[in-house]
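What follows is a set of notes on a single structure, which appears directly below.
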Amino acid sequence: AQSVTQLGSHVSVSEGALVLLRCNYSSSVPPYLFWYVQYPNQGLQLLLKYTTGATLVKGINGFEAEFKKSETSFHLTKPSAHMSDAAEYFCAVGEYGNKLVFGAGTILRVKS
Amino acid sequence: DAEITQSPRHKITETGRQVTLACHQTWNHNNMFWYRQDLGHGLRLIHYSYGVHDTNKGEVSDGYSVSRSNTEDLPLTLESAASSQTSVYFCASGQGTTEAFFGQGTRLTVV
Numbered sequence: 006a007q008s009v010t011q012l013g014s015h016v017s018v019s020e021g022a023l024v025l026l027r028c029n030y031s032s033s034v035p036p037y038l039f040w041y042v043q044y045p046n047q048g049l050q051l052l053l054k055y056t057t058g059a060t061l062v063k064g065i066n067g068f069e070a071e072f073k074k075s076e077t078s079f080h081l082t083k084p085s086a087h088m089s090d091a092a093e094y095f096c097a098v099g100e101y102g103n104k105l106v107f108g109a110g111t112i113l114r115v116k117s
Numbered sequence: 266d267a268e269i270t271q272s273p274r275h276k277i278t279e280t281g282r283q284v285t286l287a288c289h290q291t292w293n294h295n296n297m298f299w300y301r302q303d304l305g306h307g308l309r310l311i312h313y314s315y316g317v318h319d320t321n322k323g324e325v326s327d328g329y330s331v332s333r334s335n336t337e338d339l340p341l342t343l344e345s346a347a348s349s350q351t352s353v354y355f356c357a358s359g360q361g362t363t364e365a366f367f368g369q370g371t372r373l374t375v376v
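Residue numbers (this note's numbering), protein chains in the order written: chain A, 6 to 117; chain B, 266 to 376.
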């Protein structure tokens, strides 16, 4: 069965600092990997996805993630945090037909 | 624009009552899903469907049921609501191996 581990349930960064949210997955087949963001009282919005091809994936709002098969990782980064980035972030691995297995989530706090 | 809508957005019900949460999508997606979100657990899959009249159990299906009579709708029914089912419920839809699109969620409180 597939699974996702997000290291750190809470991450706090200063405005302008690097954002790094960690995600490791397990999968017996080539994975489809996703990062979603959830703002308070809202649904989940896709940030970026990896299916095949280039392992460095760029998403919305300046985020990017790199698929590293040897490390079974798909960490999310952003060079410079903005106050509007404060939200909860979910890493997910896709099974057949968009069925997703989610990590527990990481709440990002951005300090001014 | 295509969208996925959930109703109601908030509901309070009593223990033992039957509750149905609605999910309607206009993407014309074959695949639809129900998840529940709980602190520390992320989102966990309750039930899913790959097409009309197809339903499948997910990780946390006990106490829940779904039916798929058309492409657009996948209602989630709690047969006899329990306090452990207090949660935020998300419906999602998708096609093929691309991403899933999520509704805004329904916050259910069982008292």
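Note that CB positions come from ideal geometry on N, CA and C, so glycine has one too.
Here the structure is a predicted model, which means the values were calculated and not measured.
Output needed for residue i: all residues of its chain with C-beta closer than 8 Å, excluding positions within five of it in sequence on either side, in chain order.
i: Ser334/B; result: Val317 and His318
i: Pro340/B; result: Thr285, Leu286, Ala287, Cys288, Val331 and Ser332
If you reduce the DSSP assignment to three classes, tell me which class residue i lands in.
i: Gly281/B; result: coil
i: Asp90/A; result: helix
i: Tyr101/A; result: helix
i: Gln350/B; result: helix
i: Gly67/A; result: helix
i: Tyr55/A; result: strand
i: Gln360/B; result: coil
i: Lys74/A; result: coil
i: Arg60/A; result: Residue 60/A is actually Thr in this sequence, not Arg. Note: Thr60/A maps to coil in three-state DSSP.
i: Gln7/A; result: coil
i: Ser272/B; result: strand
i: Val106/A; result: strand
i: Gln50/A; result: strand
i: Val376/B; result: coil
i: Gln369/B; result: coil
i: Tyr37/A; result: strand
Give the residues of chain A in contact with residue i, contact being defined as C-beta atoms less than 7 Å apart.
i: Ala287/B; result: By Cβ distance, chain A contributes nothing, its closest Cβ being about 15 Å from Ala287/B, past 7 Å.
i: Asn296/B; result: Gly102 and Asn103
i: Ala365/B; result: Asn103 and Leu105
i: Gly281/B; result: Chain A residues near Gly281/B: none, gap ~28 Å exceeds 7 Å.
Counting only Cβ pairs nearer than 9 Å, list the residues of chain A close to residue i.
i: His306/B; result: Phe107, Ala109 and Gly110
i: Arg329/B; result: With the sequence shown as reference, residue 329/B is identified as Tyr, and Arg is not the correct amino acid for it. The premise fails here: Tyr329/B is roughly 16 Å from chain A at the closest Cβ pair, so nothing lies under 9 Å.
Note down, in chain order, each residue of its chain lying with its Cβ closer than 6 Å to the Cβ of residue i, except the 5 sequence neighbours on either side.
i: Gly110/A; result: Glu93 and Phe95
i: Thr374/B; result: Ile277 and Thr351
i: Leu49/A; result: Tyr41 and Gln43
i: Ile112/A; result: His15 and Glu93
Considering only heavy atoms of the ligand FAD, does any lie closer than 7 Å to the CB of residue i?
i: Lys73/A; result: This structure lacks the ligand FAD, and indeed carries no ligand of any kind.
Starting from residue i, find everything on chain A with Cβ-Cβ shorter than 8 Å and list it in chain order.
i: Gly368/B; result: Gly48
i: Leu310/B; result: Lys104, Leu105 and Val106
i: Thr320/B; result: Under the 8 Å cutoff, chain A gives no residues; its nearest Cβ is about 13 Å from Thr320/B.
i: Thr362/B; result: Tyr37, Thr56, Gly99, Tyr101, Gly102 and Asn103
i: Tyr315/B; result: Gly102
Skipping 5 residues on each side, what residues in its chain have a beta carbon closer than 7 Å to that of residue i?
i: Asn293/B; result: Thr336
i: Ser348/B; result: Thr280 and Val375
i: Phe79/A; result: Cys28, Tyr30, Leu38, Tyr55, Ala70, Phe72 and Cys96
i: Thr270/B; result: His289 and Gly368
i: Val1/A; result: This structure cannot speak to residue 1/A, because chain A is shown only from 6 to 117.
Which residues in chain B sit within 9 Å of residue i, going by Cβ to Cβ distance?
i: Phe72/A; result: Chain B residues near Phe72/A: none, gap ~15 Å exceeds 9 Å.
Residue i versus chain B: which residues are under 8 Å apart at the beta carbon?
i: Phe95/A; result: Gly307 and Leu308
**Report entry** Residue ranges of each alpha helix (DSSP H) within the stretch 284 to 343 of chain B, 4 or longer
**Finding:** none
Query raised in the report: In chain order, which continuous runs of the beta strand (DSSP E) of length 3 or greater are located wholly inside the stretch 9 to 33 of chain A?
Result: 15 to 19 and 24 to 31
Report task. Give, in chain order, every residue of the stretch 56 to 67 of chain A whose Cβ lies closer than 9 Å to some Cβ of chain B. Result -> Thr56
Requested in this report: For the stretch 30 to 54 of chain A, enumerate the residues whose C-beta is nearer than 7 Å to any C-beta of chain B, in chain order.
Outcome: Tyr37, Phe39, Gln47, Gly48, Leu49, Leu51 and Lys54
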